[in-house]
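Chemist: Below is the structure I would like to discuss, written out as structure tokens.
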Amino acid sequence: MGCAPTTTAAPPASGDTALFVGDYSTGDFSQWDIVQNKFYNSSGAAYTPTYAAAVVDDPAKGKAARFEVRDGDYPGFPSGDRSEVQSTTPLSGGTEGQTRWYAFSVKFDPSFPQDHASLGWGVTNQWHCNCGGSPPVGWDVNEKNGQWSLIVHKQSAPNVVIDRLDIYDTPLAVGIWHDVMMEIKYSASDSEGYLRLWMNGVPQMFTNGSNTYTVRTMVPGTSGIYYKEGYYRQRGIAPTGIVYHAGFRVAATEAGLSR
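Position 255 (the sequence shown) corresponds to 255 in full-length UniProt numbering; numbering is contiguous.
Now the structure itself:
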């Protein structure tokens, strides 16, 4: 559900420092490689804000990105209406055998549709394969009405989905920030890849009854994962949707998220 990222310089050497920060503290989208919406599909540094994507002041987060999608906000490439930012594999994602820690916050506007599962698919965060297709890992709003769900698309080859796993659900809780921390081990092997999750500082249990979900987090035969956030949804959904994102950070260790 997106386009392959462009190549940029590799991140600093791994250690107890952040590999990438996309927290909008600059007041613009210059931290992000690409901005994609109905009006624009190019460099974050050169983006001029529109209703589709803008950085706003937030009393809790300081700066946050506001992403708005209206019916018909189709950018001209597959497959839905969207307003997103994306980074690169070296900065925001990973390759086979790497472990990455993520911290970010998401808030749904009070006007956000509570019946998204009935309306059609929608995605707010994607850990996306460089090959295109459905993201191996993502946060969706279409699994259950009124719920935000962590979804794993198990694939045997690019966009050949052999299982779709809903591994965690939480209420949308519109108007309230969800503060998320995740640990992802990247692997195309079901015995090597895994995810762990904290919500608002509290470790979470997955649908398998464990705080670790062991599953492939990459597509076999592909080169890596990159990250996208914003709001991406099925075409033809009538209600406007607004999602806020803040504080995105990536590190090789949990300690690195705070440095």
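Each residue gets a CB set at the ideal place from its N, CA and C atoms; glycine is no exception.
#1: Within the region 115 to 167, note down every full alpha helix (DSSP H) run reaching 4 residues or more, in order along the chain.
#2: Do the region 177 to 196 and the region 112 to 123 make contact, defined as three or more Cβ pairs closer than 8 Å?
#3: Using only alpha-carbon positions, find the residue among GLY236, ARG82 and PRO75 that is nearest to ARG66.
#4: Here's the rule I'm using: 16 or more other beta-carbon atoms within 10 Å means buried, otherwise exposed. How should GLY221 be labelled?
#5: Just the C-alpha distance for GLY44 and SER87, rounded to the nearest angstrom, thanks.
#6: By how many angstroms is the C-alpha of ILE176 removed from the C-alpha of THR95?
#7: Considering only C-alpha positions, which residue in the set SER92, VAL202, VAL55 and THR170 is nearest to HIS128?
#8: Any idea if PRO78 is buried or exposed, counting beta-carbon neighbours within 10 angstroms, 16 or more meaning buried?
#9: Go through its chain and collect everything with a Cβ distance to LEU195's Cβ below 6 Å, but skip five positions before and after it.
#10: Is it buried or exposed, THR124, if we count other Cβ atoms within 10 angstroms and call 16 or more buried?
#11: Are the region 227 to 246 and the region 196 to 208 touching by the rule of at least three beta carbon pairs closer than 8 Å?
#12: Is the number of C-beta pairs between the region 159 to 174 and the region 242 to 256 that are closer than 8 Å three or more?
#13: In chain order, what residues of the same chain have a beta carbon less than 6 Å from the beta carbon of ALA9, not counting five sequence neighbours either side?
#14: By Cβ distance, which residues of its chain are closer than 7 Å to PHE39, with the 5 residues on each side in sequence left out?
Modeler: For this structure:
#1: Note on the region 115 to 167: whole alpha helix (DSSP H) runs with a minimum of 4 residues are 116 to 119, in chain order.
#2: no
#3: In the sequence shown, residue 66 corresponds to position 66, counting from 1. It is ARG82.
#4: Residue mapping note: residue 221 aligns to position 221 of the sequence shown, counting from 1. Exposed.
#5: As a working mapping, residue 44 is identified with position 44 in the sequence shown. As a working mapping, residue 87 is identified with position 87 in the sequence shown. For GLY44 and SER87, the distance between alpha carbons rounds to 10 Å.
#6: As a first step, residue 95 is located in the sequence shown; it is residue number 95 there, counting from the start. As a first step, residue 176 is located in the sequence shown; it is residue number 176 there, counting from the start. Spanning the two alpha carbons is a distance of roughly 33 Å.
#7: Your numbering for residue 128 matches position 128 in the sequence shown. Taking only the C-alpha atoms, the option nearest HIS128 is SER92.
#8: For the purposes of this step, residue 78 is taken as residue 78 along the sequence shown, with counting starting at 1. Flag for PRO78 reads exposed.
#9: Indexing the sequence shown from 1 puts residue 195 at position 195. So the list reads ILE184 and TYR213, once near-sequence residues are dropped.
#10: Mapped onto the sequence shown, residue 124 falls at position 124. It counts as buried.
#11: no
#12: no
#13: On the sequence shown, residue 9 is found 9 positions in, with the first residue counted as 1. Since pLDDT at ALA9 reaches only 42, below the 50 mark, its modelled position is unreliable, and no value is offered.
#14: The residue you call residue 39 lines up with position 39 of the sequence shown. The residues are THR50 and ALA52.
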